[in-house]
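There are 2 protein chains.
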Amino acid sequence: MYTCSLDRMTDKIKTFSKYGDAGHGGITRYSLSPEAKLAREEFIKRMKAIGAEIEIDDVANIYATLPGTDPGAKRIVTGSHVDSVKNGGNYDGILGVMSAMEVLETVAENNIPHKHPLTAMIWTNEEGSLYPPAMMVSGIVCNDYLPPEIAKNFKYENMMKSKAMEEHEGSAKTFGEALDASGYKGDAKYRLSPDKYLCNFEAHIEQGPILEEAGNDIGVVDCVLGMFNYSLKFTGFAAHAGTFPMSKRHDALYAASQALCYLHDEIDKLGRPELVYTTGEIYCHPCVHTVIPDEVEFSLDVRHEDPKVREQVMEIVKKIATMKWAGCDCEIRENWKRDTVYWNEKLVGYVKSAAEDADISHQMIHSGAGHDAQFVAYMLPTTMIFIQTKDGLSHCEPEYAKPEHCTSGATVLLNAILKADEDFE
Amino acid sequence: MYTCSLDRMTDKIKTFSKYGDAGHGGITRYSLSPEAKLAREEFIKRMKAIGAEIEIDDVANIYATLPGTDPGAKRIVTGSHVDSVKNGGNYDGILGVMSAMEVLETVAENNIPHKHPLTAMIWTNEEGSLYPPAMMVSGIVCNDYLPPEIAKNFKYENMMKSKAMEEHEGSAKTFGEALDASGYKGDAKYRLSPDKYLCNFEAHIEQGPILEEAGNDIGVVDCVLGMFNYSLKFTGFAAHAGTFPMSKRHDALYAASQALCYLHDEIDKLGRPELVYTTGEIYCHPCVHTVIPDEVEFSLDVRHEDPKVREQVMEIVKKIATMKWAGCDCEIRENWKRDTVYWNEKLVGYVKSAAEDADISHQMIHSGAGHDAQFVAYMLPTTMIFIQTKDGLSHCEPEYAKPEHCTSGATVLLNAILKADEDFE
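Heads up: the protein sequence lines correspond to chains V and B, in order.
Residue numbers in the first sequence follow full-length UniProt numbering, run continuously in steps of one, and reach 425 at the last position.
Residue numbers in the second sequence follow full-length UniProt numbering, run continuously in steps of one, and reach 425 at the last position.
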């Protein structure tokens with residue numbers, strides 16, 4: 001059993017936190033931005049320093065590989081992304097990259113024997129913050145293996161046309177243009193593929209409060225929850241706030257508020273504490289204080305492992321669409337849905353026994369959030385490791401994971417990979 | 001008793017509807033825009049044609065005056081605005097200007113004897129659509145007479161700095177710059193004032209469904225309702241939609257929805273059908289489908305004649321601020337409030353008896369909306385006349401009033417003015 005270095009991990013956290021430092025403890029590091037390039041350069045510099053070979057594919061993914069003892073063996077890959085949301089934290093994504101680096105650095109430093117080449121990887125544009133959608137590049141690379149209804153949303157040609165958010169001035173106009181200008185457009189022959197790669201690991205902060213509350217440093221992830229995303233639109237009509245009697249109004253915001261409360265009441269009746277659902281977006285038209293809103297739409301994101309439970313929620317949503325709300329009609333639209341993606345059982349077992357061997361506190365956990373790993377899982381045997389997150393906060397500047405926990409995560413990752421190196425076929 | 005001309009009124013409606021025609025039956029005619037200048041030129045052309053003298057003050061208000069038989073008599077003024085909201089209708093504001101023109105044209109055509117000079121007036125920037133706030137210029141002109149808490153919001157110097165909405169490309173940057181560039185910046189000595197003016201009338205579409213429902217063509221307005229405007233802000237904390245358990249959430253949108261429904265329930269218990277209240281605006285942060293909202297704010301506009309009833313609503317709002325909503329705090333902010341403004345009783349009487357004399361169906365009515373007349377009322381005896389509005393719609397392209405009703409409105413306005421000419425001191 002090998003352990004990773006707390007000092008080296010702490011140094012990496014400190015170093016990478018500078019690239020895009022937003023001045024309040026967190027970072028803004030959009031994909032392919034100057035800040036993201038600094039992080040990429042740092043990765044390449046450190047990986048070259050341990051003798052890893054660098055490859056870059058045509059969508060700017062970077063692969064740093066240490067050769068193994070068996071020249072014919074496929075590679076074992078681990079990595080994550082260096083890009084962040086706006087005013088995000090120092091851990092989401094980058095911790096998976098730093099953990100991958102730490103694994104290779106520990107292997108190199110200790111001359112740990114391994115048959116398979118080991119690859120640390122940076123995924124491009126996971127967040128999709130500047131160029132939507134999220135998980136764009138894993139969607140491109142794994143496209144041939146994804147279910148058709150997901151694959152169609154990630155076609156290479158369309159993704160290259162993804163426009164940068166307007167608020168980000170001075171940015172290239174499309175993802176394709178940013179890629180061309182980045183100096184990181186390499187060769188498609190280096191893309192992750194089942195021909196060359198055996199299996200995939202991704203370490204990531206939990207982004208929830210479950211591990212912290214249970215006092216466990218590490219989560220052994222078994223799946224990414226299935227989910228669906230709907231929009232609920234309420235249509236009434238606009239009229240003047242001062243001149244239109246209450247009894248004649250068809251107020252779309254009152255309608256949406258009633259329906260949102262009803263939604264909570266009905267879903268709560270299902271008695272499923274592990275179900276999560278979120279109404280994160282709301283749009284109101286015309287959104288003027290003197291005008292009764294004629295159109296209000298809110299989003300609904302629902303996640304649960306069991307498709308039957310998701311189906312029960314969908315029934316409630318469909319029922320809402322048949323009802324009148326403050327005199328308004330409700331129309332629902334399915335934006336997307338995806339099934340629960342289960343990790344490879346053998347790989348999950350390696351993670352679990354690696355944590356046991358190292359005597360690191362751990363528990364089984366689901367991933368509620370989406371990650372590049374979930375697209376890779378359609379192409380390669382894959383699993384994930386979660387690291388305890390302070391207060392469950394992520395996608396914000398106070399996002400935090402202790403260096404000790406980050407190092408424990410890397411240790412579990414290293415030993416799980418070594419088990420795969422010996423055992424996995 | 002004199003009657004106005006349906007043909008002439010219909011021609012005016014047709015002509016002015018061209019200036020800013022937005023292609024869907026309505027107009028976009030921002031104050032001081034090229035479209036608004038066309039309407040101003042048309043007004044001047046037609047008023048000069050009947051021998052009226054044109055004056056323009058330093059905030060671009062236009063006054064067209066027919067002399068009376070008494071050289072020492074003060075003027076009687078009537079008018080409204082030619083500017084509109086974005087994609088507004090062909091009646092809000094401009095009908096009051098067309099009615100004023102129609103009154104002077106009828107007087108001129110029939111050589112109707114009158115002691116007092118009669119002035120038709122265009123107010124600048126009533127809507128404040130491009131340069132907020134609404135009723136900007138009447139707020140400037142009547143500033144010395146307004147209650148201090150209102151007056152402070154309409155100081156000349158500050159109003160000149162009002163910035164154009166960014167979405168209106170190519171516009172001048174501030175109201176002051178637009179005014180300088182307009183060619184309509186005249187002399188402050190022409191401003192409406194009690195020295196030169198006796199009293200003020202404004203004709204306007206009702207903007208509500210009350211007259212239509214009662215089958216009355218004309219509303220004899222007695223007051224503008226007192227109102228208050230509050231913001232209610234709910235603060236929780238943001239977390240990831242997929243990873244954060246329901247039981248630990250402090251969801252600001254759920255909080256706001258619950259409070260909005262509670263507000264309706266509690267206000268409805270007051271049993272005041274004539275009370276109107278509107279939650280027209282809602283802002284959600286960060287408004288991302290995968291993030292639990294940490295901050296949601298909605299506006300509340302409340303209008304009723306009786307200050308005691310408004311106070312009862314304010315008590316409910318204050319109570320909401322003391323309660324917890326879905327684990328979130330609520331903070332309230334008063335944006336503005338104003339008392340009910342009652343019109344001059346004598347002038348209201350003239351309008352009523354003018355409608356009776358002409359056998360035009362009418363009823364007493366309050367104004368729920370604000371108008372320039374309500375600021376003028378602090379300076380000069382003032383009243384208003386409402387014209388039936390189809391389906392109560394206004395501030396939208398389907399806004400409509402029948403030419404017959406518009407002409408009836410002008411006839412009532414003409415005869416009320418002639419009564420004031422004889423009787424008012």
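No residue lacks a Cβ here, since even glycine has one placed at the ideal position from N, Cα and C.
Since the model is a prediction, treat every value here as computed from it, not as a measurement.
Restricting attention to alpha helix (DSSP H) runs no shorter than 4 residues, the region 169 to 208 of chain V encloses them at 175 to 182, ordered along the chain. Boundaries of the beta strand (DSSP E) harbouring N335(V): 329 to 338, taken from the DSSP string. Around the beta carbon of P148(B), a 10 Å sphere encloses fewer than 16 other beta carbons of the protein chains shown; the residue is thus reported as exposed.
For Y156(B), the secondary structure class from DSSP, reduced to helix, strand or coil, is helix.
Look at L270(V): its C-beta is not under 9 Å from any C-beta on chain B. Straight across, the Cα-Cα distance linking L6(B) with A100(B) is about 14 Å.
Residue burial is scored here from C-beta neighbours: H116(B) has at least 16 other C-beta atoms within 10 angstroms and is therefore classed as buried. Within the same chain, A326 come within 6 Å of Y254(V) by CB-CB distance, once the 5 residues on both sides are set aside.
When rounded, the separation of the alpha-carbon atoms in C406(B) and P293(B) is 48 Å. The Cβ atoms of H81(V) and H240(B) do not sit closer than 9 Å to each other. Comparing C-alpha distances from Y400(B) to each of I27(B), Y30(B), N90(B) shows the shortest one belongs to N90(B).
Straight through space, the alpha carbons of V137(B) and Y184(V) are spaced by roughly 58 Å. G51(V) counts as exposed, since fewer than 16 other beta carbons sit within 10 angstroms of its beta carbon. For K14(B), the closest of G26(B), C4(B), T3(B) by C-alpha to C-alpha distance is G26(B).
At least 9 Å separates the beta-carbon of I385(V) from that of V224(V). A straight-line Cα-Cα distance of about 41 Å links C284(V) and I44(B). Distance from the CA atom of V296(V) to the CA atom of I112(B), rounded to whole angstroms, is 54 Å.
Membership of N143(V) in any alpha helix (DSSP H) is not indicated, and neither H nor E is assigned to it by DSSP. Using a Cβ distance threshold of 9 Å, D58(B) and Y190(B) count as a contacting pair. Contact between A416(B) and V351(B) holds: CB atoms are separated by about 5 Å, below the 8 Å threshold. Within the region 113 to 136 of chain V, A134 place their CB atoms closer than 9 Å to a CB of chain B, listed in sequence order. Interface annotation for the region 183 to 211 of chain V against chain B: E206, Q207, G208, P209, I210, criterion Cβ-Cβ distance under 8 Å. Closer than 9 Å to the CB of N90(V) there is not a single CB belonging to chain B. For D423(B), no beta strand (DSSP E) encloses it; the enclosing alpha helix (DSSP H) starts and ends at 403 to 423.
Relative to the Cα of N87(V), the nearest Cα in the group F424(V), D70(V), E35(V), L104(V) belongs to E35(V).
For R333(V), the number of other beta carbons within 10 angstroms of its own is below 16, and it is reported as exposed. For Y262(V), the enclosing alpha helix (DSSP H) begins and ends at 252 to 269. E397(V) and G23(V) have their C-alpha atoms some 9 Å from each other. Rounded to whole angstroms, the separation of the alpha carbons of C287(V) and E281(B) is 4 Å. Interface residue (Cβ-Cβ distance to chain V less than 9 Å): N229(B) is classified as such. Counting along the chain, R8(V) sits inside the alpha helix (DSSP H) bounded by residues 6 to 16. When Cβ-Cβ separations below 9 Å define contact, I282(V) makes contact with chain B. Counting only runs of at least 3 residues, the region 59 to 102 of chain V fully encloses the following beta strand (DSSP E) elements, listed from N- to C-terminal order: 62 to 66, 75 to 81. A straight line joining the alpha-carbon of N153(B) with that of F175(B) spans about 15 Å.
Y342(B) is bridged by DSSP to C223(B).
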